[in-house]
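First comes the structure, then the notes that go with it.
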Amino acid sequence: MLHTRLCEALGIEVPIVVAPMGLVTGPELAAAVSNAGGLGILSFSGNPPPVLRQQIHQVRELTDKPFGVNLLLHFPVEEHVDVCIDERVPVLSFYWGDPAPYVGRAHDAGMVVFDQVGSVAAATRSVKAGVDVIVAQGEEAGGHLAGRVATSVLVPRIVDAVAPVPVVAAGGIADARGVVAALALGAEAVQMGTRFLATREARAHPAYKERVLAATEEDTVRTTLFGHGWPNAPHRAIRTPFVEEWLSDEARGSESRPDEPILGHTTIAGRAVPIPRFSTLPPSADVTGDVESMALLAGESAGLVDRIEPAAAVVRELVAGAARIIADRLAGLGGDALREERERVVRLHMESENVHDFDTVIGTFSHPRYELVATDRVHDGEREVREYFRESRSAFPDQRNELISLRHADDAVVVEFWLLGTHEGPLLGIPPTGRAFRCRMTAFFLFEGAKLVCERVYFDSGTILRQLTG
Ligand SMILES: Cc1cc2nc3c(=O)[nH]c(=O)nc-3n(C[C@H](O)[C@H](O)[C@H](O)COP(=O)(O)O)c2cc1C
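Residue numbering for the sequence shown follows our numbering, beginning at 61 and increasing consecutively.
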């Protein structure tokens, strides 16, 4: 089972988030993904606050699992925030603006706050404002685009910049390979839009879904064309004949002219709402009119999407596929590389002890710690470990090890070795005897991943004492 730190924090099973998609991610899709163990994020879709409240109730009728609501800060959302707080929605997700005014209230209500960003600067600003989870959106994403950087670069950059704040990767991820890659980049989860657009529960118009299935990775374009109602905001949409026709005059869309022809109608809060040419709204299932000329928002990942499935099947496939990739393909590669790295560290550690290069020995640990089980002594941290070196080497200035064997365990390298030395300085109150000892010992070098965190040594102290005292 794929399970990350963020899954733990949110109380979800798998690190798959369905993106809020205006008019597309309704209660059915959000609940289906939450029921499948991921996190469904309901889009507010321009709905007035009472309708948002109804939709939250609908999600709750369909699932008892955690879910979220997304609000676009380009629009007035004060009252929507109030509804979410009042309804104790588990996750409040923001996009396209400064979340700072809302974070404190959301936290007081016990909510987790997400913010989707497209740059390191915006991520840093959000974290300063107290946001709990950063969604890093790469430029290959579908829908509105917050930045200009590809997911594979943006995610690790933001992970490094905001650590330990968890990061969710968005943009260009549509199959299990993408999920594994995002986790490898340091993301704690993925947020996927285009892949879930092609699900049964998505409220996208059937012709729009068909367009996504037919599109290749080269069939989308970054544009500001669909700017009516949300001007000058770049977004990625399918390059339909309508888009091709208008691309050279894309600024026209952001003029939001009142006399643009009406292409069709959609229903918002039970009322028919006209869709003017260049409207920013993607066509939902109930839309009438010239769907092909509307904002068919989709990402480059459309090239990876070729069938419509139930959302739960998509989640299951992503998780099972990711587990297979990790077990079949990566374990072999990673396993050997990890072993080699651990062995290198252990050998360097033991060789550096022999030449009294204690700086290097300390450097082999991510946190220096010796546990000497026979004498029940623990030396923790650099200061105590250096003191242990000083004490033991003044008793046995020629102390050295001879490696006998080295074996790999899950979280440790187990080493058998001879320890040798001549007693030329005081040892635990015993004056120097000038005698030599030779003792067979076992050490567990404990690792967290590739990092050495402890050397735990087992030996019989009687064996040494007998040799020293005759
Ligand atoms: C049709 C569509 C509508 C979107 N609407 C929203 C939205 O309302 N709020 C939001 O935060 N992100 C929205 N997004 C962006 C997604 O959150 C996410 O960044 C994107 O889908 C990831 O790229 P992908 O489509 O390749 O999976 C939308 C994306 C799509 C495809």
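The beta carbon of each residue, even a glycine, is placed where N, CA and C say it ideally should be.
Residue i, DSSP secondary structure in three states
i: Q459; result: coil
i: V129; result: strand
i: G489; result: coil
i: F256; result: helix
i: S33; result: The requested residue 33 is not part of the displayed model; the chain covers only 61 to 530.
i: A262; result: coil
i: F174; result: strand
i: E73; result: coil
i: F286; result: coil
i: L83; result: coil
i: F519; result: coil
i: A373; result: helix
i: T184; result: helix
i: G98; result: coil
i: I524; result: helix
i: V555; result: The requested residue 555 does not occur in the structure, where the chain is confined to residues 61 to 530.
i: T529; result: helix
i: L273; result: helix
i: E508; result: strand
i: L398; result: helix
i: R563; result: Lying before the first or after the last residue shown, residue 563 is absent from the chain, which here runs from 61 to 530.
i: L62; result: coil
i: L390; result: helix
i: R500; result: strand
Exposure of residue i, with buried meaning 16 or more beta-carbon neighbours within 10 Å
i: V213; result: exposed
i: F135; result: exposed
i: Q176; result: buried
i: I335; result: buried
i: K188; result: exposed
i: D279; result: buried
i: G232; result: buried
i: A267; result: exposed
i: E248; result: buried
i: R271; result: buried
i: V333; result: exposed
i: Q115; result: buried
i: V276; result: Before going on, a small fix: residue 276 reads as Thr here, not Val. The residue in question, T276, is exposed, as its Cβ has fewer than 16 Cβ neighbours within 10 Å.
i: T529; result: exposed
i: R296; result: buried
i: P486; result: exposed
i: G494; result: exposed
Residues of its chain near residue i, where Cβ-Cβ distance is below 6 Å and the 5 sequence neighbours each way are ignored
i: F519; result: A434, C499, M501
i: D235; result: L364
i: R467; result: V474
i: G207; result: G178, S179
i: E139; result: P109
i: V111; result: A329
i: H204; result: A293, H295
i: L479; result: N461, C499, M501
Nearest residue (CA-CA) to residue i, options the options
i: F154; options: V129, M171, G170; result: V129
i: D458; options: E413, G522, A472; result: E413
i: C144; options: F127, F135, G157, A160; result: F127
i: P428; options: V195, R516, H63; result: R516
i: V93; options: A230, E278, R237, L378; result: L378
i: E310; options: I328, L323, V281; result: V281
i: G330; options: P80, P108, G97; result: P108
i: A503; options: G423, E462, A230, A242; result: E462
i: D168; options: G178, L512, T184, V141; result: V141
i: D24; options: H325, E352, A96, H409; result: As shown, the chain starts at 61 and ends at 530. That puts residue 24 outside it, with no answer to give.
i: A274; options: S361, A166, G82, R65; result: S361
i: H117; options: S186, A90, F302; result: A90
i: R446; options: F425, I464, S465, D436; result: F425
i: L257; options: H439, I524, L70, G86; result: G86
i: C514; options: H409, L393, V84, S452; result: H409
i: T327; options: G359, H265, D471; result: H265
i: G522; options: R337, V375, F497, R185; result: F497
i: I101; options: T482, V172, D366; result: V172
i: G489; options: A183, D158, A181, L525; result: L525
7 Å CB neighbourhood of residue i in its chain, flanking five on each side removed
i: T340; result: F286, G287, H288, G289, W290, A355
i: D350; result: L323, G324
i: V406; result: L466, V473, V475, F505
Beta-carbon contacts of residue i that lie in its chain and below 8 Å, excluding the five residues immediately before and after
i: I422; result: P428, E442, V445, R446
i: A371; result: V78, L89, A92, V93, A96, F256, T259, R260, E261, A262
i: V215; result: A196, G198, V227, A229, A242, L245, G246, A247
Cutoff 8 Å: residue i Cβ touching any chain B Cβ
i: F286; result: No chain B appears in this structure, which consists of one protein chain only.
Fill in: Residue ranges of each alpha helix (DSSP H) within the stretch 408-447, 4 or longer
418-424
Worksheet item: Along the chain, which unbroken stretches of the alpha helix (DSSP H) at least 4 residues long are found entirely within the stretch 105-169?
Response: 109-122, 138-146, 160-168
Worksheet item: Curious, which full-length beta strand (DSSP E) runs of at least 3 residues does the stretch 301-362 contain?
Response: 322-328, 331-336
Discussion item. Please give the ranges of any alpha helix (DSSP H) in the stretch 177-236, keeping only runs that are unbroken, at least 4 residues long and fully inside the region.
Written reply: 180-188, 211-222
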